[in-house]
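What follows is a set of notes on a single structure, which appears directly below.
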Amino acid sequence: MSTSNSNLTSDRTYTLLLSHLHNPHTSLSLPTLQSALSHHLALLPPCTSSPTPLAATAISAPYYLVQPFTFTKLNSLSTSFRHAVHLKFRALKEEWEARGRIERLFNQSVGGSLDAWAKEVVKGLIGGHPVLRLACCSGLLLGIEDLGKKELDVALGARGVVEDEDIVALAEVMDTYAFSVTGGTHGVEEWEKEFQPAGQDVLSMALILAAQSVPLIPHSKLKALPLPLLSHLLTQTLLATFKHGSFLSSVSASVTLTPNNEVHISASSAFAHTVRSITSSPLTAHISDLARFMASVLSLLLPSSSVGTVAQTMEALRDCAKAIERDWISTSLASVPGVATDTQDLTKAVWGILKTFLFTVLMVDDAALSAAVFIPPESSGAADLALTTLETLSHLAFVITQFGGVTSTSTNSFLELKKTFYLALDILAQTQSRAETYVERVCGGALEMRRGEGNVGFRQAKEAFVLAAVEQLVPVLGAKCLRESVWRVCEPHLFDASHRETFESAHSTVLAVFASHSQRTRAETPKASDSSRAWLDRLGQRAGLVLGYSRKRETLSVGEDDEQHENERTNDDEFVMRLVPFYAGCLLENSREGKLNTAQLRMAYAALVRGACACDSPMDGEGKGRSCVLAWYCVQRLLDAIHALEGRDAKGKGKEVGREEGHEERLHRLRLVLMSTVSALPLVLLAQALEEVRLVLLRSKEGLSHSGVADLQHSANSITVPVTSEQAEGMAKEERHEELVQALFAEILENVGDREKEWAGRWWYEHRGEFGIVGEPDLGRGVGDEKSTGEGERARL
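Under UniProt numbering, the sequence shown has 524 at position 524, and the numbering climbs by one with no breaks.
Now the structure itself:
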């Protein structure tokens with residue numbers, strides 16, 4: 001009796017569901033209708049043995065067909081079919097577990113039963129409205145994907161049927177609704193869309209549904225779609241999400257300044273209404289799905305197809321970014337630091353939109369560039385796409401700076417941004433002429449911007465981006481481009497640490513010039529012993545630094561005659577030789593507190609010395625070349641600075657000098673820099689340099705106890721009573737001396753080249769007793785550790 005009542009109840013609820021589906025104005029709530037549809041699709045009532053009739057009823061129901069379509073209803077319909085897959089699987093699994101072992105032998109498995117059920121559901125969808133069919137198939141495919149291989153013992157054959165129907169439905173939607181986008185006319189439908197929130201037109205809603213499921217379909221099937229048209233439709237949908245870049249155009253008319261000089265925007269202003277329409281749009285809520293779908297389509301178009309379609313998409317995003325940048329410059333939000341309390345939520349929403357657009361650009365451009373690397377080098381298509389990406393990111397530099405810039409080395413830095421940025425530069429660097437043209441253009445733009453008046457923060461963000469890009473392209477730039485474009489942009493920032501990102505980027509670019517010059521010299525003289533790259537890699541890993549790319553480049557003489565190559569090499573050497581003296585003084589000036597930190601300074605000065613050693617070096621009568629003279633000039637400048645801080649003249653005689661604030665710290669920093677130069681020097685200069693190092697270490701040891709570093713360190717650790725200021729100063733001096741010794745030992749042990757290591761090792765064992773060393777120094781603490789935790793990790797050059 002209870003079973004009969006249950007069947008009657010099930011039949012009654014099924015009948016009620018059908019009546020509500022046929023009523024376009026039913027009072028039943030959408031969540032209730034969604035749950036009932038999922039339930040009856042999965043758990044069939046006794047009056048029917050197949051889900052096909054209910055699926056056919058749902059897709060042709062007036063409730064869902066009523067015009068205009070709403071995304072809420074379409075999404076609910078898709079969710080109903082997705083949940084139905086889960087409910088059916090759960091019911092089949094419970095039924096299977098309730099069967100006996102013998103009974104299971106003569107019945108379908110859970111996967112087989114679910115496969116048959118899904119095929120029956122698809123049968124009911126055939127012939128329905130393409131938009132509703134797309135929603136239902138998307139839900140089915142997502143449900144099957146949710147179960148995956150962990151839940152199902154076999155692959156469902158029905159999945160292929162669902163995928164095919166999903167593709168056909170999307171193609172029909174494109175045929176039906178794409179004309180309003182591609183026809184170029186502005187009829188009644190287009191006029192009405194101007195007054196609708198973004199994402200409420202049928203095509204946008206259909207693309208959102210497709211974006212959730214179509215990327216799950218194998219690429220071999222997706223190629224049946226008209227991909228260029230689909231790319232165009234998705235591009236227009238993405239642009240519509242951000243009002244084609246014009247959503248900031250009404251800011252100026254909506255902004256007022258409070259008596260406290262704070263930005264205030266009324267909640268009823270046109271700009272506030274625009275921001276709310278974007279944040280509440282279904283396109284914004286599903287922007288990640290749309291961008292992922294767009295990325296999949298672009299990856300299918302490359303590299304076999306023409307890059308024209310892909311270029312159009314990337315150029316459209318670039319133009320949108322340009323419009324956003326243009327409007328942002330003119331707003332008070334960019335120039336006034338204070339924001340009124342009642343406007344802060346609105347400004348947060350604005351920054352959320354800007355960052356969302358940046359994420360969208362990165363997802364799309366990264367997919368295009370990843371596929372473009374397979375385009376043959378002789379084609380200019382890949383370089384064009386890379387240039388478009390760099391231009392787009394440059395327009396969004398004021399947003400990128402909110403993430404610490406493209407060169408940030410923090411653990412929470414924007415990895416996707418770095419990947420896209422460096423990938424674009426790698427592609428561009430394959431063609432020297434294109435790279436030089438780009439560098440000359442962006443450097444000229446940076447110089448022009450500096451001469452004009454405008455928002456300082458905005459200009460600094462743009463310059464930081466330019467310097468970061470130029471740094472990576474230095475290995476393929478000629479001397480003329482370096483001298484006339486790159487240097488003019490870098491030079492003003494080398495002494496100004498007020499904006500840390502541009503300050504470090506400028507120094508990093510100059511160091512890239514030295515590193516590139518050294519690398520070219522080694523490539524042309526392969527027998528020369530030079531451990532600079534290994535040294536930079538090890539020191540960079542230890543200090544958490546970034547010094548450009550360690551990528552290998554062919555020499556610039558490939559494909560050129562010897563005379564032209566010789567002229568380029570001569571110009572390159574002359575530029576570097578002229579740069580060395582200036583940059584030596586620059587680094588010494590930046591050794592003061594608040595400029596370059598110890599790790600940065602050590603690496604930079606060693607790279608400078610190494611760059612000086614790599615200059616073209618015709619030998620003189622004493623067997624020394626110009627490079628040795630330049631290298632020793634750098635060492636001597638450093639020694640003079642150390643002597644000045646020690647209160648000595650160049651001859652080593654005592655001399656009274658005024659002591660500035662942070663005197664001891666700066667002196668210790670310069671001494672550590674001297675230790676770092678040891679591994680950068682050639683054998684002909686090593687003996688002279690190590691003798692100067694020995695004298696510096698002996699002077700740093702003056703006034704210390706004769707018990708040795710280890711004994712005094714043990715004594716310092718065992719102190720349990722307050723110490724006097726003289727004792728504290730003595731212990732600090734002892735620690736600094738120990739750090740110097742450790743730094744020197746590490747340079748000799750790890751970084752000195754093979755040709756110099758034997759001689760340096762003998763020197764060390766001969767003189768280590770003079771430094772207070774008993775046995776080997778303890779290197780467990782690390783060399784050159786910063787006083788402030790994390791300074792090394794934040795360092796960047």
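Positions of the beta carbon are idealized from the N, C-alpha and C atoms, including for glycine.
Residue i - DSSP class collapsed to helix/strand/coil
{"i": "Ile329", "result": "helix"}
{"i": "Thr256", "result": "strand"}
{"i": "Val339", "result": "strand"}
{"i": "Cys443", "result": "helix"}
{"i": "Gly405", "result": "coil"}
{"i": "Glu436", "result": "helix"}
{"i": "Ser380", "result": "coil"}
{"i": "Arg608", "result": "Reading off the sequence shown, one finds Leu at residue 608, where the question assumed Arg. Note: Leu608 maps to helix in three-state DSSP."}
{"i": "His219", "result": "helix"}
{"i": "Val307", "result": "coil"}
{"i": "Asn75", "result": "helix"}
{"i": "Arg431", "result": "The sequence shown places Thr at residue 431, rather than the Arg named in the question. DSSP places Thr431 in coil when its eight states are reduced to three."}
{"i": "Glu190", "result": "At Glu190, the pLDDT of 47 sits below 50, so the modelled position is not reliable and the matter cannot be decided from this model."}
{"i": "Arg99", "result": "coil"}
{"i": "Arg108", "result": "Residue identity check: residue 108 is Gln in the sequence provided, not Arg. The answer is coil: DSSP assigns Gln108 none of H, G, I, E or B."}
{"i": "Pro581", "result": "helix"}
{"i": "Glu664", "result": "helix"}
{"i": "Asn751", "result": "helix"}
{"i": "Glu766", "result": "helix"}
{"i": "Val131", "result": "helix"}
{"i": "Gln200", "result": "coil"}
{"i": "His273", "result": "helix"}
Beta-carbon proximity of residue i to residue j, cut-off 8 Å
{"i": "Phe81", "j": "Leu140", "result": "yes"}
{"i": "Phe465", "j": "Ile400", "result": "yes"}
{"i": "Trp351", "j": "Phe398", "result": "no"}
{"i": "Phe357", "j": "Leu482", "result": "no"}
{"i": "Val361", "j": "Thr392", "result": "yes"}
{"i": "Leu301", "j": "Val310", "result": "yes"}
{"i": "Phe495", "j": "Glu589", "result": "yes"}
{"i": "Leu587", "j": "Ala604", "result": "yes"}
{"i": "residue 800", "j": "Leu298", "result": "Residue 800 cannot be examined here, being either before or after the span of the chain that is shown, 1 to 797."}
{"i": "Ser505", "j": "Thr409", "result": "no"}
{"i": "Met675", "j": "Ala599", "result": "no"}
{"i": "Pro364", "j": "Ala295", "result": "Here the sequence assigns Val to residue 364, which means Pro is not the residue at that position. Contact flag set, yes."}
{"i": "Ile217", "j": "Ile167", "result": "yes"}
{"i": "Arg610", "j": "Ala689", "result": "no"}
{"i": "Ala340", "j": "Val263", "result": "yes"}
{"i": "Val173", "j": "Ala118", "result": "no"}
{"i": "residue 883", "j": "Thr437", "result": "With the chain covering only 1 through 797, there is no way to say anything about residue 883."}
{"i": "Leu473", "j": "Leu423", "result": "no"}
{"i": "Leu114", "j": "Lys88", "result": "yes"}
Beta-bridge partners of residue i, as assigned by DSSP
{"i": "Ile265", "result": "Val255"}
Buried or exposed (CB count within 10 angstroms, at least 16 for buried), residue i
{"i": "Gln344", "result": "exposed"}
{"i": "Arg602", "result": "buried"}
{"i": "Val456", "result": "exposed"}
{"i": "Glu747", "result": "buried"}
{"i": "Ala323", "result": "buried"}
{"i": "Phe374", "result": "exposed"}
{"i": "Gly157", "result": "exposed"}
{"i": "Leu234", "result": "buried"}
{"i": "Pro377", "result": "exposed"}
{"i": "Gln108", "result": "exposed"}
{"i": "Ala224", "result": "exposed"}
{"i": "Ser76", "result": "buried"}
{"i": "Tyr765", "result": "exposed"}
Closer than 7 Å: residue i CB and nearest the ligand MG heavy atom
{"i": "Ile217", "result": "Absent from the structure shown: the ligand MG. Ligands present: none."}
Next item on the list: Inspect the CB distances between the region 245 to 252 and the region 205 to 220 and report whether three or more fall short of 8 Å.
Entry: Segments in contact, no.
Next item on the list: Answer yes if the region 491 to 501 comes into contact with the region 582 to 590, meaning at least three C-beta pairs across the two stretches below 8 Å, and no otherwise.
Entry: Segment contact: the region 582 to 590 against the region 491 to 501, three or more CB-CB distances shorter than 8 Å; contact assigned.
Margin query: Does the structure place the region 280 to 288 close enough to the region 383 to 399 that three or more beta carbon pairs sit under 8 Å?
Written below: These segments do not touch.
Next item on the list: Take every Cβ of the region 88 to 99, pair it with every Cβ of the region 21 to 31, and state whether three or more of those distances are shorter than 8 Å.
Entry: Fewer than three pairs of CB atoms, one per stretch, sit closer than 8 Å, so the region 88 to 99 makes no contact with the region 21 to 31.
Margin query: Would the region 53 to 60 count as touching the region 110 to 126 if we require 3 or more Cβ pairs under 8 Å?
Written below: Three or more Cβ pairs drawn from the region 53 to 60 and the region 110 to 126 lie within less than 8 Å of each other, which places the two stretches in contact.
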